[in-house]
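*Asks:* Read in order, the letters of the sequence shown are residues 1 to 179 in the working numbering.
Submitted below is the structure of interest, expressed as structure tokens.
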Amino acid sequence: MNHKKFEQMILTPEALTSEEREELARHIATCESCRKLSLQWQKASRMLNKPLPMAAPAPGFSARFAHSIEKRKEAEQQKQVRRFITILLVSLLSAALIFAVTYYSTNSLETIIKDTANASAQMLFLWESLKAIISTVTGFLPTVLLIPFLLTAASAMLTLTLLWLVSIWKLTLQKETVL
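Pasting the structure below:
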């Protein structure tokens with residue numbers, strides 16, 4: 001008897017028509033080898049369709065994985081800080097270079113020397129004043145209030161410096177338009 005056809009039918013039951021199923025059932029009832037194959041195939045199908053238990057991770061894997069994620073986050077934060085500082089420094093240097101080129105190209109050497117000496121004296125005076133203010137404030141302010149005070153003072157100094165630079169720039173532009 002040709003078992004090849006029936007073996008194929010046993011291994012692909014979903015592709016059978018109802019007539020082929022009846023024919024296969026009749027053949028299995030009479031053929032011992034095909035009945036064994038059918039039972040083994042059904043058993044194998046049930047085993048393949050049965051969900052497997054979830055494998056537990058290796059000991060310490062979760063802790064190592066969490067640690068590696070934390071390290072990656074720290075590295076990314078450091079990278080972002082370095083990138084921010086680099087961009088900030090490049091921007092500040094570019095602005096200073098543009099200001100210097102504009103200022104030096106529009107003024108005489110005498111004016112540049114006079115303004116540089118004047119600015120240096122003012123910066124020295126501001127530095128000494130700032131040191132005096134900080135030493136006075138640290139004497140009577142508690143440490144908790146000292147940091148916000150210093151941040152506010154630094155912000156104010158930065159703002160005043162920027163305003164000073166803008167005023168110098170505007171004055172140099174006014175000199176050009178008058179001439």
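Ideal Cβ placement from N, Cα and C applies to all residues, glycine included.
Note that the coordinates shown come from a computational prediction; the quantities given were computed from them, not determined experimentally.
(1) For Cys-34, does the three-state DSSP call read helix, strand or coil?
(2) Classify Ser-38 as buried or exposed, calling it buried when 16 or more other Cβ atoms lie within 10 Å of its own Cβ.
(3) Would you call the region 72-89 and the region 127-142 touching, i.e. three or more CB-CB distances under 8 Å?
(4) Kindly indicate which three-state DSSP category Asn-107 falls into: helix, strand or coil?
(5) When we look at the beta-carbon of Ile-28 and count the other beta-carbons within 10 Å, is it buried (16 or more) or exposed?
(6) Can you tell me which of Arg-83, Ala-132 and Val-81 puts its alpha carbon nearest to the alpha carbon of Ala-153?
(7) Considering only residues of the region 55-110, which uninterrupted alpha helix (DSSP H) runs meet the minimum length of 4 residues and lie entirely inside it, listed in chain order?
(8) Excluding the 5 residues flanking Ala-100 on each side, which residues of the same chain have their C-beta closer than 6 Å to its C-beta?
(9) Here's the rule I'm using: 16 or more other beta-carbon atoms within 10 Å means buried, otherwise exposed. How should Phe-84 be labelled?
(10) Anyone know if the C-beta pair for Ile-112 and Tyr-104 falls short of 9 Å?
(11) Quick one: Cα of Val-166 to Cα of Leu-92, how far?
(12) What number of angstroms, rounded off, separates the C-alpha of Leu-16 from the C-alpha of Lys-36?
(13) By a C-beta neighbour count over all protein chains shown, 10 Å radius and 16 as the cutoff for buried, is Ile-10 buried or exposed?
(14) For Lys-50, which of helix, strand or coil comes out of DSSP?
(15) If you run the structure through DSSP and keep just helix, strand and coil, what is Pro-13?
*Replies:* The relevant details are as follows:
(1) Position 34 of the sequence shown, counted from the first residue, corresponds to residue 34. Of the three classes helix, strand and coil, the one that applies to Cys-34 here is helix, per DSSP.
(2) Against the sequence shown, residue 38 aligns to sequence position 38. Around the beta carbon of Ser-38, 16 or more other beta carbons lie within 10 angstroms, which makes this residue buried.
(3) Contact between the region 72-89 and the region 127-142 is absent: fewer than 3 CB-CB pairs across the two stretches fall below 8 Å.
(4) Within the sequence shown, numbered from 1, the residue matching residue 107 stands at position 107. Collapsing the DSSP output to three states places Asn-107 in coil.
(5) Along the sequence shown, read from residue 1 onward, the residue named residue 28 stands at position 28. Note on Ile-28: 16 or more other CB atoms within 10 angstroms of its CB, so buried under the neighbour-count rule.
(6) If you number the sequence shown from 1, residue 153 lands on position 153. Measuring from the Cα of Ala-153, the nearest candidate turns out to be Ala-132.
(7) As far as the region 55-110 is concerned, its whole alpha helix (DSSP H) runs of at least 4 residues are 61-106.
(8) Within the sequence shown, residue 100 is the residue found at index 100, counting from 1. Within the same chain, and ignoring the five residues on either side of Ala-100 in sequence, no residue has its Cβ closer than 6 Å to its Cβ.
(9) The residue given as residue 84 occupies position 84 in the sequence shown. Using a 10 angstroms sphere on the CB of Phe-84, the tally of other CB atoms stays under 16, which defines it as exposed.
(10) For the purposes of this step, residue 112 is taken as residue 112 along the sequence shown, with counting starting at 1. For the purposes of this step, residue 104 is taken as residue 104 along the sequence shown, with counting starting at 1. Yes, the pair counts as a contact, with Cβ atoms nearer than the cut-off.
(11) For the purposes of this step, residue 166 is identified with residue 166 of the sequence shown, where counting begins at 1. For the purposes of this step, residue 92 is identified with residue 92 of the sequence shown, where counting begins at 1. For Val-166 and Leu-92, the distance between alpha carbons rounds to 14 Å.
(12) Position 16 of the sequence shown holds residue 16. Position 36 of the sequence shown holds residue 36. Leu-16 and Lys-36: Cα-Cα distance of roughly 19 Å.
(13) Position 10 of the sequence shown, counted from the start, is the residue given in the question as residue 10. Buried, by the Cβ-count rule.
(14) Counting from one through the sequence shown, the residue named residue 50 turns up at place 50. In the three-state reduction of the DSSP assignment, Lys-50 falls in the coil class, being assigned neither a helical nor a strand state.
(15) Counting from one through the sequence shown, the residue named residue 13 turns up at place 13. Pro-13 carries a helical assignment under DSSP once its states are collapsed to helix, strand and coil.
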